[in-house]
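Comments concern the structure below.
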Amino acid sequence: MNNTTTRSFNNWQVRTIIYTMVGYALFYFVRKNFSIAMPGLTAEFGISKVSLGLFLTLHGIIYGLSRFVNGIIADRGSAKVVASVGLMLCAVANIIFGVSDFVANWIVVLAAKMGTTLTFSTVLVYCMGIIWVINGYLQGMGIPPFTKIMTHWIHPDELATKMSVWNMSHSIGAGLVFGLCGWVIMPHLGLDMSANAEVVQTITANLGANASYEDVLNFSQHFGAWRLCFLIPAAFALLGSLGIFTLVKNSPSEVGLPEVVQKKSATVQTAEEKAEYNAFVRRKVFGNRLIWTLGLANFFVYVVRFAALDWGPTMLTESKGLSLAMATTLCIVFEFIGGNIGMVFWGWLTDKFFNSKAHRTCVLCMVGAAVTVAVFWAIPEGSAWWIQILPFTLLGFFVYGPQALLGISAANQATNRAAATANGILGIFGYASTLISGVGFGYVAQHYGWNGAYLTILIMAILGAITLMTMWGAKANGYEE
5 MNNTTTRSFN NWQVRTIIYT MVGYALFYFV RKNFSIAMPG LTAEFGISKV SLGLFLTLHG
65 IIYGLSRFVN GIIADRGSAK VVASVGLMLC AVANIIFGVS DFVANWIVVL AAKMGTTLTF
125 STVLVYCMGI IWVINGYLQG MGIPPFTKIM THWIHPDELA TKMSVWNMSH SIGAGLVFGL
185 CGWVIMPHLG LDMSANAEVV QTITANLGAN ASYEDVLNFS QHFGAWRLCF LIPAAFALLG
245 SLGIFTLVKN SPSEVGLPEV VQKKSATVQT AEEKAEYNAF VRRKVFGNRL IWTLGLANFF
305 VYVVRFAALD WGPTMLTESK GLSLAMATTL CIVFEFIGGN IGMVFWGWLT DKFFNSKAHR
365 TCVLCMVGAA VTVAVFWAIP EGSAWWIQIL PFTLLGFFVY GPQALLGISA ANQATNRAAA
425 TANGILGIFG YASTLISGVG FGYVAQHYGW NGAYLTILIM AILGAITLMT MWGAKANGYE
485 E
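Here the sequence shown is numbered in this note's numbering, starting from 5 and rising by one per residue.
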């Protein structure tokens, strides 16, 4: 490329990275808002840890399957269209979730008129669960298309460093929505419900077959803040979906620039091209042992990550004696400082010292995560927040290394022709982890206490390190094969 073309390419590359970072951060606005709302849902509706964990598990499994399905779709079509439509539909799902108690009450009243008695709390749990599972599928329309776009705009030799910067979007999105909901919205709810126990019981008892409009309105006025955790982030997501569609370009060729790696188009037009592409995907993805090893490692990484991210506010308040505001602060520091610094540092280390072999870096990260979990577990309940914040931040520093680098490694192994499909497989493994980090974690915490939960996290970190050790000698990418 001549100097003019190089300047133009660099400009477009930076713009694409920024636009897609903002876009994917907004997917987190309408996903991780649920974590902050969980204590409020428990206080207000009496939803158990097992039920909340089941929400997380079903959401995660469907999300993982959706990442695989939408990875295939993104590899064969317009990635930016998949991402923008997905974010818009996630916003709609969050809006519906935000009024799910009204929907549940309407169903109860309608059933009563038809001669059937339904319990408000049961109907509410089903309504929320179904909506959140649908949101799980729609969330899977985010990472695969963005991964594809990045492999078109970033050369394989720079992918670990620049994609690690891009992956800051995870922590930025989660951190911002934690701050928005945990610092701004939820304090107005008044989560110390003990003083309002009689009010809660009275209003909840009225929400049944005989509920009036005044009952529902009274309920909303007393305990409406949790719903804003879904409605306000949804508004940001709607704006973001429009931005993705109008600003993002799928590849350099869309703006008249050369591709970073010359390739055959994944859009098949003849039977011969289709057969060749399908054979390529079978060899580079489905028949590639390294992709499956990375997928299994992703399972263990995501158990550790989600245990801290999804259960963080609840776990820190109950096991370490922190207030919700301080627990939110630790979760934000986990994301913003630990996660962001970790992703950038480990990505830089991978390209500079490990010759872009991201899987080797991930071994060190998982060993570090295991040590950090053990240290944090040993801190006594009621210890000052400043004692707890350092190891919890270091956990984010270590776990967000493989969280970013495993997808990069898979993209490099599968090449940019099948990067989204390979990351779809990692997504299945990653979000199958919610079988443990979701309902499994909730069951262990409810029946065996938080010590059992911390032991579970520690075991998962160790298994992740062992899994990655099995591919220590693998090449950095699959372009030369």
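Idealized CB from N, CA, C, for every residue including glycine.
As the structure is a computational prediction, the values presented were derived from the model and not from experiment.
Through-space distance from residue j to residue i, alpha-carbon basis
| i | j | result |
| --- | --- | --- |
| Gly351 | Met167 | 8 Å |
| Ala116 | Ile135 | 23 Å |
| Trp476 | Gln450 | 38 Å |
| Gly140 | Thr354 | 32 Å |
| Ser257 | Ser82 | 13 Å |
| Pro234 | Ala279 | Per the sequence shown, the amino acid found at residue 234 is Phe instead of Pro. Cα to Cα, Phe234 sits roughly 45 Å from Ala279. |
| Met473 | Phe304 | 13 Å |
| Met25 | Thr120 | 49 Å |
| Leu193 | Phe433 | Here the model assigns Leu193 a pLDDT of 47, short of 50, so the residue's position is not dependable and the matter cannot be decided. |
| Leu459 | Ala388 | 22 Å |
| Glu322 | Ser437 | 23 Å |
| Val181 | Met118 | 41 Å |
| Ala78 | Ala382 | 45 Å |
| Phe59 | Cys131 | 11 Å |
| Arg286 | Ala422 | 10 Å |
| Ala29 | Ala329 | 22 Å |
| Asp161 | Asn481 | 9 Å |
| Asn282 | Ala414 | 18 Å |
| Ala465 | Phe445 | 15 Å |
| Ala311 | Gly291 | 31 Å |
| Thr471 | Gly260 | 43 Å |
| Thr365 | Phe358 | 7 Å |
| Thr165 | Ile341 | 18 Å |
| Ala276 | Pro43 | Residue identity check: residue 276 is Glu in the sequence provided, not Ala. Roughly 56 Å between the two C-alpha positions. |
| Ile21 | Ile153 | 9 Å |
DSSP three-state assignment for residue i, whether helix, strand or coil
| i | result |
| --- | --- |
| Val204 | Unreliable positioning characterises Val204 in this predicted model, as indicated by a pLDDT of 43, which lies under 50. The coordinate reading is nonetheless provided below. Note: Val204 maps to helix in three-state DSSP. |
| Asp355 | helix |
| His363 | helix |
| Gly119 | coil |
| Leu472 | helix |
| Gly212 | Per-residue confidence for Gly212 stands at a pLDDT of 47, beneath the threshold of 50, marking its modelled position as unreliable; no derived number is given. |
| Trp315 | coil |
| Asn486 | Outside the modelled stretch of the chain, which goes from 5 to 485, sits residue 486, for which no answer is possible. |
| Arg287 | helix |
| Gly144 | coil |
| Ile345 | helix |
| Lys479 | coil |
| Leu193 | Reliability of the predicted coordinates at Leu193 is poor, the pLDDT of 47 falling under 50, and no value is obtained from them. |
| Leu410 | helix |
| Gly260 | coil |
| Asn15 | helix |
| Arg421 | coil |
| Ser255 | coil |
| Ser327 | coil |
| Glu385 | coil |
| Thr274 | coil |
| His156 | helix |
| Ser168 | helix |
| Ser437 | coil |
| Val265 | coil |
| Val3 | Residue coverage of the chain in this structure runs from 5 to 485, which leaves residue 3 outside it and unanswerable. |
| Val488 | With the chain covering 5 to 485 only, the question about residue 488 has no answer from this structure. |
Test item: CB-CB of residue i and residue j under 8 Å
| i | j | result |
| --- | --- | --- |
| Val367 | Ala469 | yes |
| Ile412 | Ala362 | yes |
| Tyr23 | Leu251 | yes |
| Gly177 | Phe31 | yes |
| His159 | Glu263 | no |
| Ala408 | Ala418 | no |
| Ala424 | Pro148 | yes |
| Phe380 | Phe402 | no |
| Ile66 | Val137 | yes |
| Leu334 | Leu313 | no |
| Val377 | Leu462 | yes |
| Met145 | Leu242 | no |
| Trp315 | Ala41 | no |
| Val54 | Ala95 | no |
| Ala301 | Pro384 | no |
| Arg71 | Gly431 | yes |
| Ser173 | Gly50 | no |
| Leu122 | Asn416 | no |
| Ile76 | Gly428 | yes |
| Asn74 | Val85 | no |
| Gly27 | Gly346 | no |
| Thr61 | Leu439 | yes |
Inter-residue CB distance, residue i and residue j (contact presumed, cutoff 8 Å)
| i | j | result |
| --- | --- | --- |
| Tyr404 | Ser175 | 7 Å |
| Val448 | Ala457 | 5 Å |
Any chance you could list the alpha helix (DSSP H) runs of at least 4 consecutive residues sitting entirely within the region 18 to 97, in chain order?
-> 37 to 49 and 53 to 80
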